[in-house]
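So the working numbering is basically just the index in the sequence shown, starting at one, shifted up by 209.
All C-beta atoms in this analysis are idealised placements derived from N, C-alpha and C, irrespective of residue type, glycine included.
Scroll down for the structure; my scribbles are underneath it.
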Amino acid sequence: VQLQASGGGLVQPGGSLRLSCAASGSIFSITVMGWYRQAPGNQRELVAAITSGGSTNYADSVKDRFTIPRDNAKNTVYLQMNSLKPEDTADYYCYADSNGSPPWTYWGKGTQVTVSS
């Protein structure tokens, strides 16, 4: 499985940004896709995830602001980020859990999001 993430950038507080993560390869083995983020000096934290069945999970800090839609035809999940705050500034990483043999977690390259005026 290969993951190609894109869409980071600089945005003002209160603004919106959409990240994309396109999967390729053995996508049939993917059970969960989502996003982690890591700010300088902080641990990596789960932001949002979506299962192959469509169930979603969000960090409390982003609930009601972020969503994780997906386009199955494009094998792509997105992270729609609204009402962005300076504390959302971080490197965002797309990931995919695979139930292959052996099970594995794949990672995309980080994409930087900076929320600043």
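6 Å CB neighbourhood of Ser233 in its chain, flanking five on each side removed: Gln211
DSSP beta-bridge partners of Ala232: Paired residue(s): Leu212.
Inter-residue Cα distance where the pair is Asn291 and Asp300: Separation of Asn291 and Asp300 (C-alpha to C-alpha, rounded to the nearest whole angstrom) is 17 Å.
Ser261 versus Gly319, Ser270 and Thr285, residue with shortest Cα-Cα distance: Thr285
Proximity below 7 Å, CB of Trp316 to CB of Leu288: Not closer than 7 Å, so no.
heavy atom of the ligand FMN below 6 Å from Thr285 C-beta: This structure simply doesn't include the ligand FMN, nor any ligand for that matter.
Range of the contiguous beta strand (DSSP E) that encloses Ser307: Ala299 to Ser307
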